[in-house]
Ligand SMILES: Nc1ncnc2c1ncn2[C@@H]1O[C@H](COP(=O)(O)OP(=O)(O)OP(=O)(O)O)[C@@H](O)[C@H]1O
Ligand SMILES: [Mg+2]
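Protein chains in written order, with the working numbering: chain V, 1 to 283; chain C, 284 to 650.
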């Protein structure tokens, strides 16, 4: 090993140890647990596929998993769709970009839990929206479809994730050489065509980054569905939480965690492949 | 050239905040003309081109293309195409898609488009590069793709911002020839920005020389070379010796001058200069001076001096000659006939000139 190589290994050591301790080790434990069995308060450590058999055959698990992915997909779509115009505006139409970026990160200044509770206050039965609409005389009784359903989950998460979606898209927009847009318009492309044929394809990496950043944690989110999702807003993480908590079945919980990880991984890869080829098709 | 005007710039002015990038630009280009803008870096050449292309609104003034006022007409609806100084190759497309970008609205069939793309790539010597990715090109190749992408559109006006700057000498010369041939055969207007005076001279019908946002002179290459309007233009185009002179008499269309070091001469009056005065500046091109060891006969003026420097340039040899009464050494360039440098530092030599080769540059206070 050359001196240079040895220095490299030494430099990488702290990070490797850190990741190993905090990611690889727990993950390994999770995998081990998924092959064990819970016997009341004890763990039977003999190898078994039983947990996987149970999880795959349980319609509730399948239902929650599909719904989690569907919800996460919706949240991702809504958030990115709302974030793109904002990022575009900041990148192309503003002078004081630092100020706007600071504004965009404001949701971060408030704790995640507080933000979720704030949405409860806004969307609730006697909440901000309902009382405003009532006092304005637009409705006679409070709307009850605002809170405790999928809509509330999507609203809350779209708001919480907004900066995560805006920033990568903003960066990819900011990186576009402005003369490329001039060249496109010089070659006869109008604003819409410039956008579709130059700006959008060049920001696909940003869209992919934003989408993954939002999609992956959303599938596993349990705070928001638990607080504003009601019964039909529940997601797979809520079930996992139940298994690790009240139901006291760690092995099954571990199995469910691994299954949702695998599902997320597959969906994410499929998504990246799809968007890449969409980018190629746009030309 | 049919004599109709294709591009008219009337009183164009461009300010960036307090900085005046263009001032009172007036220019009329005839249909089919090859026009070059020549000037030092930062003088406003790109700015002028971008105003014609429609990427910049002038602060004041009118742009007309083919008789039509271009105020409020966006770049995509102007009959112009531009080759960008930065190339602006679309990084997500391959060479063929880059070149074909503007053809999607042309109503051509797929096959016709493919043929046009191939033809354009052949013009810039990039046959078979269609599938090459934009990232996998050298600087010169990118520049040629940019050129092909504009050529393929067959516009009325082609705007070229230093289109050949990244090419090696040989390729550049063949592209110069190719562009000139193309321009003459299809008769489109070229407006080319360049740093390179030789490129401007060999290719253009007319040249505009710019300094600090102003057009100093617009003329044909030979006129520009023979009658530069002032010392700055003269210094920018070719080599030039500047000598102080005194006005002695003004016979019709001519000037009688006493040139420092050389004595009395009868020279042509330069109509392009701003003003004449008792104290003048005259210019002598290094290649139009004669140098010899013995006193030459048959010249209108001569002077004796000492060689202070000799430099071998390959095609030419340059001598710097110090002459009593002349503020700076006079540069003389002679063709290299036999790969010899005939004079060396310290040699006493004669230099001589004909009155016809001495250029009137106007009043000394203007220069
Ligand atoms: N957006 C801008 N804001 C302020 N000043 C600018 C801007 N764009 C150009 N300028 C200034 O205007 C002047 C002319 O610029 P321009 O790009 O036209 O020069 P140029 O003649 O093309 O130079 P070069 O030969 O180096 O390309 C320069 O001094 C430049 O600094
Ligand atoms: Mg320029």
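Glycine included, every Cβ here is placed at the ideal spot set by N, Cα and C.
Exposed unless 16 or more other CB atoms sit within 10 angstroms - verdict on residue i
i, result
"residue 645/C", "buried"
"residue 248/V", "exposed"
"residue 643/C", "buried"
"residue 192/V", "exposed"
"residue 284/C", "Unreliable positioning characterises residue 284/C in this predicted model, as indicated by a pLDDT of 45, which lies under 50. The coordinate reading is nonetheless provided below. Exposed: under 16 other Cβ atoms inside 10 Å."
"residue 332/C", "buried"
"residue 459/C", "buried"
"residue 574/C", "buried"
"residue 145/V", "exposed"
"residue 611/C", "exposed"
"residue 106/V", "exposed"
"residue 59/V", "exposed"
"residue 44/V", "exposed"
"residue 270/V", "exposed"
"residue 701/C", "No statement about residue 701/C is possible, as the shown extent of chain C runs from 284 to 650 and does not include it."
"residue 491/C", "buried"
"residue 395/C", "exposed"
"residue 70/V", "exposed"
"residue 636/C", "buried"
"residue 375/C", "buried"
"residue 323/C", "exposed"
"residue 4/V", "exposed"
"residue 363/C", "buried"
"residue 510/C", "buried"
"residue 685/C", "Here chain C covers residues 284 to 650 and nothing more, so residue 685/C does not appear."
"residue 68/V", "buried"
Cross-strand partners of residue i (DSSP beta bridge)
i, result
"residue 321/C", "477/C and 492/C"
"residue 272/C", "A query on residue 272/C cannot be resolved here, the shown segment of chain C reaching from 284 to 650 and no further."
"residue 288/C", "313/C"
"residue 348/C", "290/C and 351/C"
"residue 500/C", "492/C"
"residue 642/C", "566/C"
"residue 472/C", "440/C"
"residue 343/C", "296/C"
Within 7 Å, strictly: CB atoms of residue i and residue j
i, j, result
"residue 531/C", "residue 523/C", "no"
"residue 422/C", "residue 449/C", "yes"
"residue 213/V", "residue 76/V", "no"
"residue 367/C", "residue 444/C", "yes"
"residue 476/C", "residue 550/C", "no"
"residue 342/C", "residue 296/C", "yes"
"residue 633/C", "residue 569/C", "no"
"residue 398/C", "residue 382/C", "no"
"residue 337/C", "residue 304/C", "no"
"residue 275/V", "residue 208/V", "yes"
"residue 507/C", "residue 520/C", "yes"
"residue 64/V", "residue 236/V", "yes"
"residue 526/C", "residue 565/C", "yes"
"residue 597/C", "residue 327/C", "no"
"residue 90/V", "residue 170/V", "yes"
"residue 268/V", "residue 165/V", "no"
"residue 463/C", "residue 486/C", "yes"
"residue 55/V", "residue 255/V", "yes"
"residue 294/C", "residue 344/C", "yes"
"residue 562/C", "residue 489/C", "no"
"residue 548/C", "residue 583/C", "yes"
"residue 536/C", "residue 558/C", "no"
"residue 218/V", "residue 72/V", "yes"
"residue 172/V", "residue 369/C", "no"
"residue 474/C", "residue 500/C", "no"
Contact test: residue i Cβ vs ligand 4 heavy atom, cutoff 6 Å
i, result
"residue 194/V", "Ligand 4 is not part of this structure, which contains only ligand 1 and ligand 2."
What runs of the alpha helix (DSSP H), each 4 residues or longer, lie entirely inside the region 571-636 of chain C? none
Beta carbon nearer than 7 Å to a non-hydrogen atom of ligand 2: 328/C, 329/C, 368/C, 444/C, 445/C and 476/C
For the region 30-116 of chain V, which segments carrying the beta strand (DSSP E) assignment without a break, of at least 3 residues, lie completely within its bounds, in sequence order? 37-39 and 42-44
4-residue-minimum alpha helix (DSSP H) runs that sit fully inside the region 108-174 of chain V, ordered along the chain: 112-123, 128-135 and 150-174
Residue ranges of each alpha helix (DSSP H) within the region 509-577 of chain C, 4 or longer: 514-519
Complete runs of the alpha helix (DSSP H) confined to the region 351-413 of chain C [at least 4 residues]: 378-383 and 393-406
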